Each structure stands twice: as C-alpha cells, then as structure tokens.
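Notes for the one structure printed next.
2 protein chains.
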Amino acid sequence: MISIPAPALAIHGGAGALDDPGTSGLGPDAPRQEGVGRAAAAAWELLRSGGSALDAVVLAASILEDDPTFNAGTGATLTRDGHVELDASLMDGATLGAGAVACVKDVRNPILLARAVMERSGHVLLVAEGASGFAREVGIPAWPNDRLVTPHQRARFDAARGVKPPAVGGGTIGAVARDRNGHLAAATSTGGTFLKRPGRVGDSPIIGAGTYADDRLAAVSSTGHGEPIIRVTLARLVADLVGTGRSASDAAAEGIRILGARAAGQGGVIVVGPAGEAGFAFNTPAMARAWSDASGAIRTAV
Amino acid sequence: MISIPAPALAIHGGAGALDDPGTSGLGPDAPRQEGVGRAAAAAWELLRSGGSALDAVVLAASILEDDPTFNAGTGATLTRDGHVELDASLMDGATLGAGAVACVKDVRNPILLARAVMERSGHVLLVAEGASGFAREVGIPAWPNDRLVTPHQRARFDAARGVKPPAVGGGTIGAVARDRNGHLAAATSTGGTFLKRPGRVGDSPIIGAGTYADDRLAAVSSTGHGEPIIRVTLARLVADLVGTGRSASDAAAEGIRILGARAAGQGGVIVVGPAGEAGFAFNTPAMARAWSDASGAIRTAV
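Quick note, the sequences are listed as chains A and B, same order.
Numbering (the working numbering) for the first sequence: 1 to 302.
Numbering (the working numbering) for the second sequence: 1 to 302.
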C-alpha cells in the first residue's frame, strides 16, 4: 500500500490587537476571521484536488491581498507620505527557490510579482523601481497606487497625522502548505507598518525572516514587528526547530518565545511541518488564522 | 586572575576567480591582498587598543569601500544601466542590533549609512530613495554616483556591453571581529553583480544571509553568488553551526559545503567564534582575506 501524504495548510491575517481598531487599525475581528477562512477554503480545495503547495500559498496570498480587510495589496496601510509600499516573498521547499519584492508601489498583487522573480528573473529579491520595471517586462500591468488605498486606510491616515504610530504593524498576511507530493511552500505579503518611513522594509520580503520553506525542515510565515523578527531570523529559526524533531506547534511556540526573549519582539508564526502537521503561535493579543486540523477540516480563529 | 578575552578579526575582499580579470573583473591578486591587509591592520590596531568589535568592522568595511580595488563603495561594479547601486549591512552581536541599506546610489560609504539605520532609525533595512532620504536627515551628504565609478569599472562596462556577465559577483567585502569585552560584530558591503538588473539585491544587506552576529553564536560575513546564499541563509547557518560546538573553521567549511550541495552556490564566508577563533572557507578559486592567528598576528592570502 502506498502512503500518500495528506495535504496541510495554515494561513494568517496578521498578529496584532484584538478587536481594537483604535490601536491596531485592524478593524473588528469578524471580517478578518471570515477573510482568512475564505482564502483557506480556496487553497484547501486546490490542495485536496492535487494542486501544489506553491500554487496553494500563492492563491491564498493573492486572495488576501485583494481583500481590503488586510494590510497587503489592496487595503495596505499608508506610509507617512500617504502612499502604499508593498513587500512580499515566497519560497518553494522542494527546490529552495525563492522570490521576493520590496518597496513596490504599482502592482496589485506583489505575491505574483515575487513568484515571477523566482521563476523568471534568476534573482531572489528585486526592490523599488527595478521591481516595477521587471513587472512590466513579464507582463504584470501597472496598477495605480491610489487603487490600492481603501477608504478605511485613507481615513485612518488622515486621522493620524502627527500621531506616533504603533510599533506593531497589523494585518500582514501569510500562508504555508504541504501538498500531496509532500512538498512544502510558504508565502508572505504586507503593506508594512502604518505611517512607516518611505523605503522601510520589514521582515515580510526577507527569506529567513518573514518566509522560509525547506521540505527537509518546515514551511514558515511570520507576522508582527518586523525588525525584531529580522534580528532572530524567525522563519529560519522555527524551521530549524522543526528540524530538530519538535512538532510544528512546539517549534512555533519556542520561536515566539525566543523572539520575545532575545529581541523584545511581538509577533506570530504559522508552520507546516514535513509530516503535514499545522502549528502556530503568537505573543500578541490576537492573530487571525485558519488551519487544517487532523481530520482534514479547516478551522479559523482570531 | 581575570581572563581578558583576546581580540580576533577576519576580513574578506570577495570570493571569485584567481588573478583573472577577464572573467571576474577582480583584477590581479596583489592589490586585493594588500587591500585586505591594510584594512585588517587598521581594525586590528583598534581592537588591540580596546575598541569595540562594532567599531572595528565598520572601520575595516569603510576602508575597503574607499579602496577602488574592491566591489563596494568606490570601485563598485556597474548595473546594466551603467550606474552603481550599493548594498551593505552590519550586526552587533551584543544586542542583536542590525542595520542595512540596499539599492543606494548616492552615498560614499553605505556601511556608515547602515550603522545610522541601526542606531538612529528604529529600523533594520531601508532601501532606494527612502534610504537616501534618511542619509540626508542624519547628515550623510549626497555623493554623486559618478564619483563611485572608477575608470577600471567604466572600461569594464564599456567592454562588456551585450556580453552575458559571470554569475558570481566578485569583490564584495566583509569583516567580522571579537573585542576585548568578548562582543562580536559583522559587516558586509557590495556593489552586487556586474551588469546586474537595476533593483536586484543580493545577500549582502540581508541579515541572516550576508551578515549575522550573535555573541552566543558567532559573527559571519558571506560573499559570492547572492541568490543561493539567501536560499540557505548562509550567515545564520554558519553561526548556528558554531553554536552546536564546531570550530569557526569547521562551521565555515560545513556552511560552504551546504551552500554547494543544497543550492549549487559558489561563495565564501569568514567567521569569528565566541572563543575568539577566526575561520574561513570558500568553494571559489580564490578569496582575498586577512585574519588574526593564534599568536595575535595578522595574516593575509588570496
């Protein structure tokens, strides 16, 4: 009898405050929980029908980028200059192939551009105007920055002028998956922190910090305060902890403990291990999330 | 009797070809060996007189950036558009503080800007125009892009128009050190690959790939083909190997073995471990380097 790997999936919609739009700007919980559930349902259907982990995480990420509820793609937070600057990355655990973009202003779905970087550029990371130029070369059309700005984010920007922004960015999105071939993949996308300095890049597009996937270890996507996450290379750290034999949940918890202890960082991670188990952990009050449980059902929580 | 930690230092001037300007553009070996020796002498003097590891690696990196022999700062390779785009990063192993810049066109010493990012921005990574804007805010003057271009690099660009560039960028510089307080630090700076696509960012400014330092593990700086180095998070990988009890030399060798085996990557690393031992490894034909030996003397090689 041949053992067919079971698919597995975990998705996050950002670590942050619970139901506290005044502080985190995330808005109420219900739309976030519904949003990650919708993205998970689509990615899960793809995985159950034999689709690849890479296709599944890209599908989930692109759905969440288009959902104005989340701080990625449409609905991203504004910089202190009042524009949107987008970061995204993905990694294919089967090949260690990776693609990422940072500080992109004119693309609707940065995760699709990150995939093109991985598959068609020969590079891993393209930034700013060079990334936009590459998008045009591969047929990804220019998308006006204003079309990425939702009324909610514009109003929030207008209300907050001169107010010191919260340190923790909320609403970054991510997805990790294992497919029926046993391959792992991870994807992450964000608008970064609210009122960020133009040019500031957090962990989301950094391979090893925001995103990591290796079939021999795990697939991981991070969310939270980007700078501490970079300092502990959180995604790589959690993947390595799975590699030492910990479960996905235990590795996630230990990674978040180290993030807090070594770098005073706040955030969360989602993990899928090589045996197909999904796990997550966060030290913020809330993290919108969806995951496949042992029975093959999708569960959601905030 | 109080045990005072002995200082330690290692410097690289890039992994690449041996004495083969036609392929690597590195130029002859002698100036590179002399260049890393000069930078090492200055940083070693600082360390022996009680200076910090962070000050020492920044001093070494800034000297090498100003040396037109190396592909960092003045003397950087040109993009396919004929300009210089600079990347740099540094990390303080005592605090896990880190700073980095990428795709910067108008700064003479990107390592000094990376240090300002670490110390004065609240961020880790700033890119492109946003990084330049921050430089002006903290008093780092604009430096014309043309002043970074040496006659050698201009001639090389003119000669190579339409010629496919070599995959391995040469001449990236880096420094790792341990000071008398037992603290570690690492710094890396580069112009990236010759004729690179504008906006392409390699491993050098990526914490965990090009640079990593943690007093509990090691200080590491990478050089070589950036994309595979990112995929295996080489600097973090080597630091973790030291953390498992390997010597700096063994960890460097194992990291480079994994770089080749998992990602078909070519490159090199320098390492200083917490006990003050310097190590290095590379799978390219040559790597200009300088290091402190067990007797406290500086040695150089290509």
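Where is the CB? At the ideal position from N, CA and C, for every residue including glycine.
The model shown is predicted, which means the values in this text are computed figures rather than measured ones.
_Three-pair Cβ contact test at 8 Å for the region 50-57 of chain A versus the region 173-189 of chain A_ = yes
_On the CB-based measure, 16 or more other CB atoms within 10 Å of its CB, does residue 11 of chain A come out buried or exposed?_
buried
*Apply the 10 Å Cβ neighbour rule to residue 284 of chain B and answer buried if 16 or more other Cβ atoms are within range, or exposed otherwise.*
buried
*Would you call the CB atoms of residue 96 of chain A and residue 263 of chain B closer than 8 Å?*
yes
*Of all the options B/161, B/159, B/183 and B/192, which has the alpha carbon lying nearest to the alpha carbon of residue 173 of chain B?*
B/192
*Leaving out five residues on either side along the sequence, give the residues of the same chain with a beta carbon under 6 Å from the beta carbon of residue 6 of chain B.*
276
*Just by C-beta distance, which residues in the region 115-127 of chain B are closer than 9 Å to chain A?*
121, 122, 123, 124, 125, 126 and 127
*asked:* Taking CB distances under 8 Å as the criterion, tell me whether residue 208 of chain B reaches chain A.
replied: yes
*Residue environment, residue 261 of chain A, which counts as buried when at least 16 other CB atoms sit within 10 Å*: exposed
*asked:* Helix, strand or coil for residue 44 of chain B? Go by DSSP, reduced to three states.
replied: helix
*With respect to the beta strand (DSSP E) encompassing residue 249 of chain B, which residues constitute its N-terminal and C-terminal limits?*
Premise fails: residue 249 of chain B lies in the alpha helix (DSSP H), 248-263, not in any beta strand (DSSP E).
_For chain B, check one thing: does any of its Cβ atoms lie closer than 8 Å to the Cβ of residue 102 of chain A?_
yes
*asked:* Going by the DSSP bridge assignment, what does residue 15 of chain B pair with across the sheet?
replied: B/287
*Could one say the Cβ of residue 22 of chain B lies closer than 8 Å to chain A's Cβ atoms, at least one of them?*
Only weak support exists for where residue 22 of chain B lies, its pLDDT of 42 falling under 50; the value from the coordinates is given anyway. Chain A, which has no Cβ nearer than 8 Å to the Cβ of residue 22 of chain B, makes this no.
*Taking the alpha-carbon positions, what's the residue 24 of chain B to residue 71 of chain B distance?*
At residue 24 of chain B, the pLDDT of 46 sits below 50, so the modelled position is not reliable and the matter cannot be decided from this model.
_Just to confirm the assignment: which complete beta strand (DSSP E) runs, minimum length 3, are found wholly within the region 137-183 of chain B?_
173-178
*Cβ of residue 198 of chain B within 8 Å of any chain A Cβ*: yes
_Would residue 25 of chain A pass as an interface residue toward chain B - the criterion being a Cβ-Cβ separation below 8 Å?_
A caution first: residue 25 of chain A carries a pLDDT of 49, below 50, which makes its placement in the model too unreliable to give a value.
_Contacts that residue 134 of chain A makes with chain B (C-beta to C-beta distance below 8 Å)_ = 197 and 199
*Can we say the region 78-86 of chain B touches the region 288-302 of chain B, given the rule of at least three CB pairs closer than 8 Å?*
no
*What residue from B/110, B/77 and B/146 has the CA that sits closest to residue 319 of chain B's CA?*
Since the first residue shown for chain B is 1 and the last is 302, residue 319 of chain B is missing from the structure and cannot be characterised.
*asked:* Strictly under 8 Å for the Cβ-Cβ distance: is residue 96 of chain A near chain B by that measure?
replied: yes
_Assuming residue 236 of chain A is part of the alpha helix (DSSP H), what are its boundary residues?_
234-243
*Mapping DSSP to helix, strand and coil, what is residue 267 of chain B?*
strand
*asked:* Please list, in chain order, the chain A residues whose beta carbon lies closer than 9 Å to that of residue 227 of chain B.
replied: 98, 122, 123, 124 and 125
_Spatial neighbours of residue 59 of chain A in its chain, beta-carbon cut-off 7 Å, leaving aside the 5 residues before and after_ = 42, 43 and 46
*asked:* If distances are taken between C-alpha atoms only, which option among A/256, A/214 and A/241 comes closest to residue 229 of chain A?
replied: A/256
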